[in-house]
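Single-structure report; data block below.
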Amino acid sequence: MVKRSLVLVLAVAVAVFVVAGCGGGGGSAESENKTLTLGDIGWTESVAVTNLTKVVLEEDFGYQEVELKTLDVGLLFEGVAGGDLHAFMDVWIPNHTQLLAEVEDDVEHLDPWYEGQTTFGLAVPSYMEGVNSIADLNQSGAERIIGIEPGAVISEKIEENVIPDYNLTLEHEPSSTAAMLAEVERLYQDKEPFVFPPWCPNPMCGKVTGTFGARDFPGKFDFRYLEDPKNSQGNLDEPAKISAIVNEDLSDEDPVAYAFINNLRLNDAELVALEDEITKAGDDPVKGAKAWLEDNRDVVQPAIDAAKQAQ
11 MVKRSLVLVL AVAVAVFVVA GCGGGGGSAE SENKTLTLGD IGWTESVAVT
61 NLTKVVLEED FGYQEVELKT LDVGLLFEGV AGGDLHAFMD VWIPNHTQLL
111 AEVEDDVEHL DPWYEGQTTF GLAVPSYMEG VNSIADLNQS GAERIIGIEP
161 GAVISEKIEE NVIPDYNLTL EHEPSSTAAM LAEVERLYQD KEPFVFPPWC
211 PNPMCGKVTG TFGARDFPGK FDFRYLEDPK NSQGNLDEPA KISAIVNEDL
261 SDEDPVAYAF INNLRLNDAE LVALEDEITK AGDDPVKGAK AWLEDNRDVV
311 QPAIDAAKQA Q
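Here the sequence shown stands for residues 11 to 321, numbered as in our numbering.
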């Protein structure tokens, strides 16, 4: 009788331990074996939001690894559609409308996670007086358009539309975003004339004027967006929405990651502050995301709560 009672007590204890383990904080045994692969285009807001997602899923939900793969934008859309990537969180609409249309049957396009107003297009530093339109560039003193990645939509528009439409004599020099920013900083400090394609929100953005009106950001450079009377850049005068695409099966296969990505929201100030922390962290964006989370966990708590409910 005593022996049977002891067995019963041990069985109950084990059952309680198992239930407590499944319902406790942190990731479950199932989530600890999970991996996720996010696409990253390398743009500042992309690095910020993907590393923020990585930190939360690994630390709050016990994911074994959230891997980030940096690719050209076309490959990112193809990767999510084909299942090699689970999500890409830096979709700009209308800029990426055509790329989205090519994969729309194999991805789910989520509502925008960025709640602020974007700006994007060709611009010149504010000290280049009298240059208000792309049509003014041949007489502006600028010899170069300092570009970003060759596969970016704006880079293709510059090559295929802007330069021929306006008969520009400027040389277009596409490169990585980091290389562009380094060159822009050098030219800006020397007050040399140049053209580049900035986007906001971004730590590069200071006092911004031109086609989007006047806006003040806390960033490095004051610049003016150029008028585009021939509409060679497309509909960039319309503020874009920043959103995510996920593989069509993600909501079923990984409801936790899906719920977090689907419910994440950041406004102007929150995104710029996150980007600033990551910039300060240098080559360790995870460190920057963790530093931002220390003071801003309430910002992502609704997304964390949604992910917990999906567990």
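Virtual Cβ for every residue (Gly too), placed ideally from N, Cα, C.
- Message: Three Cβ pairs or more, each shorter than 8 Å: is that satisfied between the stretch 245-263 and the stretch 111-119?
- Response: yes
- Mind pulling the alpha helix (DSSP H) runs of 4 or more residues that sit fully within the stretch 111-182? 163-167
- Message: By DSSP's criteria, Asn257 is part of a beta bridge. Which residues make up the other side?
- Response: As a first step, residue 257 is located in the sequence shown; it is residue number 247 there, counting from the start. According to DSSP, Asn257 bridges with Val117.
- Message: Does Gly223 pass the burial test, meaning 16 or more other C-beta atoms within 10 Å, or should it be called exposed?
- Response: On the sequence shown, position 213 is the one that residue 223 refers to. Exposed, since its Cβ has fewer than 16 Cβ neighbours within 10 Å.
- Task: Along the alpha helix (DSSP H) that carries Ile314, what are the first and last residues, could you check?
- Result: Here residue 314 is taken as the residue at index 304 of the sequence shown, counted from 1. Element bounds for Ile314: Pro295 to Ala320.
- Message: To the nearest angstrom, how far is the alpha carbon of Glu169 from that of Ala133?
- Response: On the sequence shown, position 159 is the one that residue 169 refers to. On the sequence shown, position 123 is the one that residue 133 refers to. Their Cα atoms are separated by approximately 16 Å.
- Is it right to say Gln243 is buried, meaning 16 or more other beta carbons lie within 10 angstroms of its own, or is it exposed? Numbered from its first residue, the sequence shown carries residue 243 at position 233. It is buried - the Cβ of Gln243 has at least 16 other Cβ atoms within 10 Å.
- Message: Mapping the DSSP letters down to three states, classify Leu276 as helix, strand or coil.
- Response: By 1-based counting over the sequence shown, the position of residue 276 is 266. If DSSP states are grouped into helix, strand and coil, Leu276 belongs with the strands.
- Do Ile158 and Pro184 have their C-beta atoms within less than 8 Å of each other? Residue mapping note: residue 158 aligns to position 148 of the sequence shown, counting from 1. Residue mapping note: residue 184 aligns to position 174 of the sequence shown, counting from 1. It is a contact, given that the beta carbons lie within the stated cut-off.
- Task: Pull up the distance between the alpha-carbon of Asp315 and that of Thr128, whole angstroms please.
- Result: One-based indexing of the sequence shown puts residue 315 at position 305. One-based indexing of the sequence shown puts residue 128 at position 118. Approximately 28 Å between the Cα atoms of the pair.
- In angstroms with no decimal places, state the Cα-to-Cα distance between Pro122 and Trp209. Sequence index remark: in the sequence shown, residue 122 carries index 112 (1-based). Sequence index remark: in the sequence shown, residue 209 carries index 199 (1-based). In a straight line, the C-alpha of Pro122 is about 17 Å away from that of Trp209.
- Item | Complete runs of the beta strand (DSSP E) confined to the stretch 192-253 [at least 3 residues] | 215-219 and 231-235
- Query: Buried or exposed: where does Gly220 fall if 16 or more other Cβ atoms within 10 Å of its Cβ makes it buried?
  - Reply: In the sequence shown, counting from the first residue as 1, residue 220 sits at position 210. It counts as buried.
- Message: Please classify Tyr137 as buried or exposed, where buried requires at least 16 neighbouring CB atoms within 10 angstroms.
- Response: Looking up residue 137 in the sequence shown gives position 127. Result: exposed.
- Start and end of the alpha helix (DSSP H) containing Asp70? Indexing the sequence shown from 1 puts residue 70 at position 60. Looking at the DSSP string, the run of the alpha helix (DSSP H) that includes Asp70 is Thr54 to Phe71.
- Message: Could you tell me the alpha carbon to alpha carbon distance between Gln319 and Ala145, rounded to whole angstroms?
- Response: For the purposes of this step, residue 319 is identified with residue 309 of the sequence shown, where counting begins at 1. For the purposes of this step, residue 145 is identified with residue 135 of the sequence shown, where counting begins at 1. Using only the alpha carbons, I get a separation of about 54 Å.
- Task: Determine the DSSP secondary structure at Leu78, reduced to helix, strand or coil.
- Result: For the purposes of this step, residue 78 is identified with residue 68 of the sequence shown, where counting begins at 1. Leu78: strand per DSSP, three-state reduction.
- Message: For Gly256 and Asn277, what's the separation of their Cα atoms in angstroms?
- Response: Counting from 1 along the sequence shown, the entry for residue 256 is found at position 246. Counting from 1 along the sequence shown, the entry for residue 277 is found at position 267. A small correction: the amino acid at residue 256 is Val; Gly does not occupy that position in the sequence shown. If I take the Cα positions, the gap works out to 21 Å.
- In chain order, what residues of the same chain have a beta carbon less than 7 Å from the beta carbon of Asp293, not counting five sequence neighbours either side? Here residue 293 refers to the residue found at position 283 when the sequence shown is read from its first residue. There are no such residues.
- Bridge partners of Thr47, per DSSP? By 1-based counting over the sequence shown, the position of residue 47 is 37. The partner list for Thr47 (beta bridge, DSSP) reads Glu77.
- Task: Pull up the distance between the alpha-carbon of Thr179 and that of Gln149, whole angstroms please.
- Result: Residue 179 sits at position 169 when you count from the first residue of the sequence shown. Residue 149 sits at position 139 when you count from the first residue of the sequence shown. If you take the alpha carbons of Thr179 and Gln149, they lie about 10 Å apart.
- Item | C-alpha gap between Ala299 and Tyr176, whole angstroms | Against the sequence shown, residue 299 aligns to sequence position 289. Against the sequence shown, residue 176 aligns to sequence position 166. So the two alpha carbons sit approximately 42 Å from each other.
- Query: Leaving out the 5 sequence neighbours to the left and right, which residues in its chain are closer than 6 Å to Val59 when beta-carbon positions are compared?
  - Reply: Within the sequence shown, numbered from 1, the residue matching residue 59 stands at position 49. Within the same chain, Val59 has close Cβ partners Met99.
- Look at the alpha carbon of Asp200 and the alpha carbon of Asp305, and state the distance between them as a whole number of angstroms. To locate residue 200, count along the sequence shown from 1; it is residue 190. To locate residue 305, count along the sequence shown from 1; it is residue 295. Roughly 37 Å between the two C-alpha positions.
- Message: To the nearest angstrom, how far is the alpha carbon of Trp302 from that of Leu62?
- Response: Taking the first residue of the sequence shown as position 1, residue 302 is located at position 292. Taking the first residue of the sequence shown as position 1, residue 62 is located at position 52. For Trp302 and Leu62, the distance between alpha carbons rounds to 9 Å.
- Message: Quick check on the burial criterion: 16 or more other C-beta atoms within 10 angstroms. Buried or exposed for Lys240?
- Response: In the sequence shown, the residue the question calls residue 240 occupies position 230. So Lys240 ends up on the exposed side.
- Task: State the DSSP-derived secondary structure class of Asp94, mapped to helix, strand or coil.
- Result: What you label residue 94 is simply residue 84 of the sequence shown in a count that begins at 1. Residue state, collapsed to three classes: coil.
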